[in-house]
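In our numbering, the protein residues as written are 339 to 412. Even for Gly, the Cβ is constructed at its ideal location relative to N, Cα and C.
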């Protein structure tokens, strides 16, 4: 009985850790490089979207050399 309880604790504890990591780290993808000034090497694209979390309108800029994207509030 103790082995089963320990096994359940490991599974649910692992799921809790994964859920917390996804909440605090993975969901920051649009805010990672969000700043006030657009870097020189980025070009404007036609892509504009509304962030579902903040409700702000974001324009996408693209760096053709590295392939990175930059999200700037419109």
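- Annotated three-state conformation of residue 408 is strand, per DSSP.
- Comparing C-alpha distances from residue 383 to each of 405, 361, 400, 353 shows the shortest one belongs to 400.
- Looking only at 387, 391, 360, the smallest Cα-Cα distance to residue 410 is reached by 387.
- With fewer than 16 other Cβ atoms from the protein chains shown falling within 10 Å of its own Cβ, residue 358 counts as exposed.
- Counting along the chain, no beta strand (DSSP E) covers residue 380, and no H or E run does either.
- DSSP lists no bridge partner for residue 350.
- Shown here, residue 388 sits in a strand according to DSSP, grouped into three states.
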